[in-house]
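To start, the structure under review is shown below, and the notes come after it.
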Amino acid sequence: MKWQGRRKSSNIEDRRGRSAGGFGGGGRGISPMLLVPLFRLLFSKVGLIIVAVLVAVMFLTGTNPLTFLQQFVGGEPQYAQSASYQPSPEEQALADQTAVVLADTEDVWNRMLEGYREPTLVLFSGQVNSACGLASSATGPFYCPGDEKLYIDLSFFEEMERKLGAGGDFAQAYVVGHEVGHHVQNLTGTMEQVNAMRGQLSEVEFNKLMVRVELQADFYAGVWAHHTQKTKGFLEPGDLEEALNAASAIGDDRLQKQATGRVVPDSFTHGTSAQRVRWFRKGFETGDLSQGDTFNATDL
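In the working numbering, the protein residues as written are 759 to 1058.
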């Protein structure tokens, strides 16, 4: 994949080497960044009232009052920088490549969707705090609609190659394109409609709905790749096969078979290997958004 020397997105938030702090789950105390506004708050008249309320909350509910203080003194969780963290040249190359891929998605979706809001991509290592809660690297790449951010620990790409045999720069680009696909679903209202069904469907039926969500994100990744190839010719021989191999490697049936030796279709949430390959390929071959209605498709 030809990515060197091309535009990198500026919508990158680099939290590598930082520990998730703030007051959310897994926090490690109060950041020094918050101490000044916190003391100003506590020693004001309003602050004294707030403290009284928080003490009452603590005794009545057992809730950590610092969780509520965050709303008054800073909002976003704070992060402690690790001065000793130095990414390897290989990891930094992955970060640079990811920034180029994100820029390519911006170019495509700004043209295709009126009023497109570009998401932020957060690079982290170990664990991260998002509007969707605390997550570890084991979660894998994810999109949080609450803050419209994509979260990726670059070590996932190494795991994808080492454990799943799904290596290659375009395989990694497919992952980014898929998460941006979820952002497109969020902007177009698809995620809101799906979340409204939570609690109205059985677990099995909701899992089936989630499969359609994930397959559409695969389709959108293919659409992005189609238009980027058309305008920039960034693919090299073997690249498409890398992405198709990655889509196949993370199919529910294949992952379950590897993990437990058995396959339970009712528990699928992302689709089979064949389905994921089919919808990514369909997006890549057509580049036509109207072809991506997985929710009304009779044959996935």
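Built from N, CA and C at the ideal position, the CB exists for glycine as well.
Keep in mind it's a predicted model, so treat the numbers as computed, not measured.
Counting other Cβ atoms within 10 Å of its Cβ, Glu-864 reaches 16 or more and is therefore classed as buried. Closest by C-alpha distance to Thr-856, out of Gly-1009, Arg-869, Ala-931, is Ala-931. Of the residues assessed, Lys-988 falls on the exposed side of the cut-off, its CB having fewer than 16 other CB atoms within 10 angstroms. Annotation for Thr-856: the continuous alpha helix (DSSP H) segment containing it runs 847-870. Under DSSP, Phe-900 forms a beta bridge with Tyr-909.
Closest option to Ala-1001, judged by alpha-carbon separation, among Arg-1036, Ala-1017, Trp-867: Arg-1036.
Taking every protein chain shown into account, the CB of Gln-762 has fewer than 16 other CB atoms within 10 angstroms, so this residue is exposed.
In the DSSP assignment, Asn-887 falls within the beta strand (DSSP E) that extends over 885-888. In this structure, His-1028 places its C-beta atom within 9 Å of the C-beta atom of Val-969. Its Cα nearest to that of Ala-979, the residue Val-942 stands out among Asp-1024, Arg-875, Val-942.
The alpha-carbon separation between Gly-957 and Asn-965 amounts to approximately 12 Å. Phe-1026 carries a coil assignment under DSSP once its states are collapsed to helix, strand and coil. The stretch 879-889 and the stretch 760-774 touch, with no fewer than 3 CB-CB distances between them shorter than 8 Å.
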